[in-house]
Amino acid sequence: MSTKVEINSADKLLKTKKRSQSADVWKRLKRSKTAVLGIILIAMFLGMAIFAPLIVDYEEDALKQNVRERLQEPSVEHIFGTDEFGRDIFARVVYGTRISLFVGLISVSIALSIGGFLGAIAGYYGGKIDNVIMRLLDVILAIPTILLAITIVAALGASMLNLMVAVGISNIPGFARIVRASVMSVKDQEFIEAAKAIGAKDHTIIIKHVLPNAMAPIIVYATLKVATAIMATASLSFIGLGVQPPTPEWGSMLAGGRTYIRDQMYIVLYPGLAIVLTVLSLNLVGDGLRDALDPKLK
Amino acid sequence: MIPVLIGVTFLVFFIISLTPGDPAVMILGNGATEEAISELREEMGFNEPVIIQYGNYMKDLLTGDMGTSYSTGKSVGSEIGQRFPNTFKLTLSAIVLSVMISIPIGVVSATRQYSLFDNIGMIIALIGISMPSFWVGLILIIIFALNLRWLPSGGMDGLKSLILPAFTLAIASTASITRTTRSSMLEVIRQDYIDTAKAKGVSRGVVIRKHALKNALIPAITVIGLEFGVLLGGAVLTETVFSWPGIGRLMVESIQRKDTPMVLGCIIVFAVAFSLVNLLIDILYSFIDPRIKASYN
Amino acid sequence: MSEHVLKISDLVVQYHTEEGIVEAVNGIDIVLDKGRTLGLVGETGAGKTTTARAIMKLIQSPPGKIIRGSIDLNGTDMINASEKDLEKIRGAQVSMIFQDPMTALNPVITVGDQIAEAILIHQKVSQSKANEKAKEMLELVGIPGNRVNEYPHQFSGGMKQRVVIAIALSCSPHLLIADEPTTALDVTIQAQVLELMKQLKVKFEMAMILITHDLGVVAEVCDEVAIMYAGRLVEYGSLEEIFRTTKHPYTEGLFNSIPNIDNRKAELIPIKGLMSDPYNLPPGCSFCDRCNYVMEICKENQPAKTYFSDTHFVECHLYSDNVNFKLKG
Amino acid sequence: MKKFLALLLVLVLVLGTVAGCSSKPAAEATDNDAPASEGTDSQAPAEEEAIAKEELKIALSTDITSLDPQGHNDVASERVSFLLYNRLFRLNTDFEVVPDLAESWEQPSPTEWVIKIKEGVMFHDGTEMKASDVKFSLDRSLTMPKVQHVLAEVESIEVVDDYTVKITTKTAFAPFLFTLVHAGASILPQAYVESGDEFANPIGSGPYTFVEWVSGDKISVVKNENYFDADNMGQMPKITFKVIPEGTSRTIALETGEVDVVDELPSNDIAKVEESPDLKMYTSASTRLDYYGMNTAMAPFDNELVRQAFNYAIDKESVMIVAIDGAGVETNSILAPSMLGYKASDYTYDPEKAKALLAEAGYPDGFEMTIWASGDQRKRMAEVIQANLMDIGITSTIEMLEWGTYIDALMAGEGQTFVMGWTSNPDPDSTLTPLYYSESVGGMNFTRIEDSKIDELILAGRSEMDLDKRIAIYNELHAYTMEKAPLVPLFTKNNLVGANAGLSGVELSPQGLWNIEKISY
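Shown next as structure tokens:
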């Protein structure tokens, strides 16, 4: 829509003087109601994760079993009811936030750092290196993510660490590709040439100049990937390849409770909703960010 | 594609070989004697280094032999051959379902951007990609199989039993394909050539169908390809929840039984299927996008 | 021959964007007769394209809105015309050439089909007949007919623009709107394309609105000139009136800012500053804060039209009490 | 924004409540508004009744592993094998050994068994069963890894004449006939097995003949019209086993009439089946023991006192409630109450006493240790045990192992403590030898208890032919082993079978559903 573009560009000319780009993004982000909702939700979950100890007592509520109080309907003292061991579901959901966000963030960090590194190298140097790296990643890419994760955990044994590693590894190609793409898009721009001209080292160029300018899409992708990572974690835990007891993890809570789904719906309802809302909020923010960073997509 | 698949087999074989424990025991079962076990170990070459074992495996694989199951002693190939069609049936109907739902919705949402339809559609789509399929599956069973008694809770007899699993499996991909279709459609209808078309006096409907859709489909198809992979992965969970006799469930069961050749076989089949689909997608491109056709010939 | 192909009066178009309301077109009047060519001149963001789209009734909405005014095209009231009627008119009576030929063609449809499509819509002909015609049109714009079945990406920029023109003219419209048809092309090609358009214009006896910021092009092709600034026509007149007796400071600015062929030594005097923020135009003359002749009154209220001939008018306070005011030149 | 929030909430609630609330009315529906549910539920069966039920559908929790009766050692496969094949002997409802293919038998000497087999027994392919088939089959079973332990006592088998075989055992082995009822001792047609069909279309002599096995989905068999045993003819024309891994789904399938019988009904669904007018609940005490084992070869469990302490520390009731919703019997013995020589020991849940014993053993402030488990139910049990031990000051971590690895490692004696189960046939020897006999170390003797006195008593028990003397021996052995306390017996769970109320002839053995051929509408 050329006229609108004209106006925007004219408008930019004036405004960019006043506002930095990030502030600009933030402004647009704030304008998207859904994104704001997402941010609020995430903030809420983060809060829950960080201040969990202030909300409930891990030992007493989340771990201590009270078999004679098992499978209790939601009530005043157990607002989400109790599970098959008589543990307070609310407490476990709250601490589950910690686990899920932690696993999600770590596994994405793994994927991001390794994938990012490979992608940056491939994108920056191109040619043979690029080719080799990308072919190798194609191999990983040929196996559906969740299946690869399952295989890895199945082989290494079920534990939180292995889970994070598995989910991390299986997400490497995605990050490699996105980073590669962004790097390629910026590497030939003048300021990079300039940096080269003044004889800056490759790695300093990549780290100092290329990556920062390639950040936008990476951030968006990472946000959305944390969501899928959390989903993957839950899925693996569901088929028993996840976090080990008595650690409260949403997926394993679902797996453990699914025998009781008919009469004690709440056992699977609340952990399930926790997953849905967390993932949802991350997606909302991810979308918001993408639109904010790239208005024309809206 | 071939080199990729070889890479896949090696990667998977290597990962699986990291599994602790003794396959010989698995094959012989609890009752077996030490002698029998060590004997078998020798015979099956479990003492060889991984790379040798891999070599042997590949040799057999090329002759179409995927080995024999540790737990059932049946041929992995025939077992998978029996199960894969079911998974294929499930995933295929799921992808067809999602495409049929998502493309129209995506297009309408885009053409009526910010309308009530668009908003609701997008919210549902967002929630759709945010729900764990197995969770939805459980809930759908409760609602449709138990309370309403409309559909069977699981198993595989007739079309009726396909509905719930296929739908469950389709949710996530439907959602994300809808989103892609919408956003690419939005981008396309902002293009100058759409104005050119309008300026020619082409009617709104034709502009969308003939000029916009074809262009918008290109990115949509990419996602459909990727989603197929997601579906194959999702099958593992859906098949477990709905007791669907496909290789997804077979794989999970085999993992629990530590039936290495079976697990290996399943993943390789998954990977091959996925690769083939992507190949198909590439070919499909060239039909839609002349620019790619050009680069092909 | 004084029948109006196009009559625009008091047209106001606004864009309601998240950043606020933009007065893109701000009460303009245009009258264009058969076979005449109007040059619509102004810098980026002046509202030229918007005007053009308004004529086609192709304003993206949201965010665009036609607030008031009337557009009469060959007797059709475009503003209140139904979608159906518009479809009949677009391409048949009025067609438009868009700025960028690179993006103006549908990448997944052969150029032949894209030309034939227009013909099929507006003329009762068979597919094969339409294809024939399409071929002819291609040859007409100087592209070998045997390339009808090729796709846009197989053509160069200049050729793409020729295809676009072929599409626009395929149903010999009464009015052709060309939105900076040459800016995206390199100079040598520009000349060819312009030449082509001139010929065809005569051949098809159509009126044309040529949107540009290149006064050189205007001098080449146009009979009348409208200078547009911030959504208003600040000066309007025949070619020689505008070129010989320039009235508006902005018009003067434009002339000063282009190289003078006759006197190469003459230095360029760019117009100072940027066009004022379209989201909040000043209450008075929107050019005032860039104007060398600015007066107090300019800041307060909009200047009215001052006529120098029945074709030539200007919107500027300089002339409101002294019609004979002379610019420094 | 409001629109969004509203929609979000609505959707979430719909998802939640529809499933959540509506599941309860359904449950109540069975008793409260019975007529209503009557109308819906029993409609389908009623109609089919009119055209007489042709097919019996039985839900299994796992697929069978093999159609070769000597190629598996798991419950599901056994269910099918028992329909397709016969053994020389079988157990009757009172759990006595009675002849099946055997006509009669005598015992010339303590180690010799001369067995006469029925004449004119036809295999499904129409060939007659001969002594040669018997010899072949039993010999074969000794070579088949999964069942070779069953007839481990057999020295040799010889054909006396077409209808007589003589089996010689290594030692005088009282419970020998019990071993012959195991599926691994099924009699197969030699000709067929040697035909190399690999049991694609298995041939047996059983009341039902094989139709198809759709891997992971179902196994179908049809009635064998010319079955040799007129009294035990198959009732239903066709029987189909449907594989439904999800417990909840199995129950639902039963309620919706998708299946007629559910083997291994999820314990938390008992109430539903009992409440439903269309369904009937069958339970039986099993010979399956769930126990918590300690590796006596590994510190600190080489210390008897510690092991005894653990026997006081575990709240068996809680374990049982959590594991199987209380659908079982707490036990103080590794022998099921129904078994020869069962005698409860006097361990009770007494954390204080446990602490005291620990202190006495030299661990006043407890210690750190690991609990091994595998599978969903054992995981839950381990979690309760973990909590119990916490109460007596012992910190433990649960390690979940995949089944294969689990067995593997336990045989190798790697586990410190572990949650295990043991299903045996009713003769005590088949439990005591594998679990306590010193030579079973490296086998099923996971606790690695090696005690000369135990060994003596076990050997005495198996060779003692006089029943009362045997019981006496086992009582002594039992008392002694409980004092040694290599493991904590937890409970014997009930076999749970849910079935359509219209069915008759549903019988449960201590190993669960059996005599399936007798079931009919």
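Chains as they are written, first to last, in the working numbering: chain P, 47 to 344; chain L, 75 to 371; chain D, 181 to 509; chain U, 120 to 640. Glycine included, each C-beta is placed from N, C-alpha and C at the ideal position. Quantities reported herein were computed from a predicted structural model and do not represent experimental measurements.
Closest Cα partner of residue i within the set the options
i, options, result
"U/LYS474", "U/VAL425, U/ALA446, U/THR450, U/ALA492", "U/VAL425"
"U/ALA506", "U/ILE433, U/SER559, U/VAL560", "U/ILE433"
"U/GLN535", "U/ASP219, U/SER334, U/TYR411", "U/TYR411"
"D/ASP213", "D/GLU480, D/ALA364, D/GLU404", "D/GLU404"
"D/VAL185", "D/ILE208, D/THR256, D/GLY396, D/THR491", "D/THR256"
"U/TYR525", "L/GLN330, L/THR146, L/VAL86, L/LYS274", "L/GLN330"
"D/THR230", "D/VAL291, D/PHE278, D/TYR430, D/ALA298", "D/PHE278"
"D/GLY227", "D/ALA406, D/ILE422, D/GLY292", "D/ALA406"
Interface partners of residue i on chain L, CB under 7 Å
i, result
"D/VAL135", "Residue 135 of chain D lies beyond the stretch modelled for chain D, which goes from 181 to 509, so this question has no answer here."
"P/ASN329", "LEU200, ILE203, SER204"
"U/THR184", "SER145, THR146"
Beta-carbon contacts of residue i that lie in its chain and below 7 Å, excluding the five residues immediately before and after
i, result
"D/GLY325", "LYS315, LEU318, GLU319"
"L/LEU92", "none"
"P/LEU144", "Looking at the sequence shown, residue 144 of chain P is not Leu but Arg. Excluding residues within five positions, the ones whose Cβ falls inside 7 Å are ALA95, ALA98."
"U/ALA169", "Bear in mind that the predicted position of U/ALA169 carries a pLDDT of just 44, short of 50, making it unreliable; the figure below should be weighed with that in mind. None."
8 Å Cβ cutoff, residue i in contact with chain L
i, result
"D/HIS302", "yes"
"D/THR283", "yes"
"P/GLY245", "no"
Interface flag, residue i vs chain P, CB-CB below 8 Å
i, result
"L/MET230", "no"
"U/ASN613", "no"
"L/GLY303", "yes"
"U/PRO470", "no"
"U/VAL441", "yes"
Per-residue contacts from residue i into chain P (C-beta, under 7 Å)
i, result
"L/MET205", "VAL322"
"L/ALA345", "ALA188, ILE189"
Within-8 Å CB hit, residue i to chain D
i, result
"L/ASN352", "no"
"L/ASN193", "no"
Residues near residue i in its chain [Cβ-Cβ closer than 6 Å; skip 5 each side]
i, result
"U/ASN151", "Residue placement at U/ASN151 is poorly supported in this model, since its pLDDT is 36, which falls under 50; the coordinates still yield a value, given next. The answer is none, since no qualifying residue turns up."
"U/ALA480", "ASN422, LEU424, VAL425"
"L/PHE208", "LEU311, VAL315"
Chain-ordered neighbours of residue i on chain P, where CB pairs are closer than 8 Å
i, result
"L/LEU220", "ARG308"
Listed by chain order, chain P residues near residue i by CB distance under 9 Å
i, result
"L/LEU135", "The contacting residues do not exist; L/LEU135 stays about 16 Å from chain P at best."
Residue i at chain U interface by Cβ criterion, 8 Å
i, result
"P/ILE91", "Position check: residue 91 of chain P holds Phe in this sequence, whereas Ile was assumed. No, no contact with chain U."
"P/ARG304", "yes"
"L/ARG157", "yes"
"P/VAL113", "yes"
"P/PHE131", "yes"
Neighbourhood of residue i by C-beta distance below 8 Å, restricted to the same chain and skipping five residues each side
i, result
"D/SER153", "Absent from the structure is residue 153 of chain D, since the part of chain D shown begins at 181 and ends at 509."
"L/LYS234", "LEU225, PRO226"
Beta-carbon neighbours of residue i, restricted to chain U and to distances below 7 Å
i, result
"P/ALA204", "MET519"
Beta-carbon neighbours of residue i, restricted to chain U and to distances below 9 Å
i, result
"P/GLN235", "Ordered by position in chain U, no residue passes the 9 Å Cβ test against P/GLN235, which lies about 39 Å from the chain."
"P/PRO292", "GLU502, GLN505, ALA506, ILE517"
Where residue i meets chain U, residues with beta-carbon distance less than 8 Å
i, result
"L/SER91", "Here the premise fails: no neighbours, minimum Cβ distance about 14 Å."
At least 3 beta-carbon pairs within less than 8 Å: the stretch 385-395 of chain U vs the stretch 293-310 of chain P: Three or more Cβ pairs drawn from the stretch 385-395 of chain U and the stretch 293-310 of chain P lie within less than 8 Å of each other, which places the two stretches in contact.
Three CB pairs or more closer than 8 Å across the stretch 404-417 of chain D and the stretch 378-387 of chain D: No, the stretch 404-417 of chain D is not in contact with the stretch 378-387 of chain D.
Cβ pair count under 8 Å reaching 3, the stretch 222-232 of chain P against the stretch 193-207 of chain P: Taking one beta carbon from each stretch, the stretch 222-232 of chain P and the stretch 193-207 of chain P have fewer than 3 pairs nearer than 8 Å; the two do not touch.
Validate contact between the stretch 606-616 of chain U and the stretch 400-410 of chain U using beta carbons, cut 8 Å, 3 pairs: Counting C-beta pairs closer than 8 Å gives three or more between the stretch 606-616 of chain U and the stretch 400-410 of chain U, which meets the contact rule.
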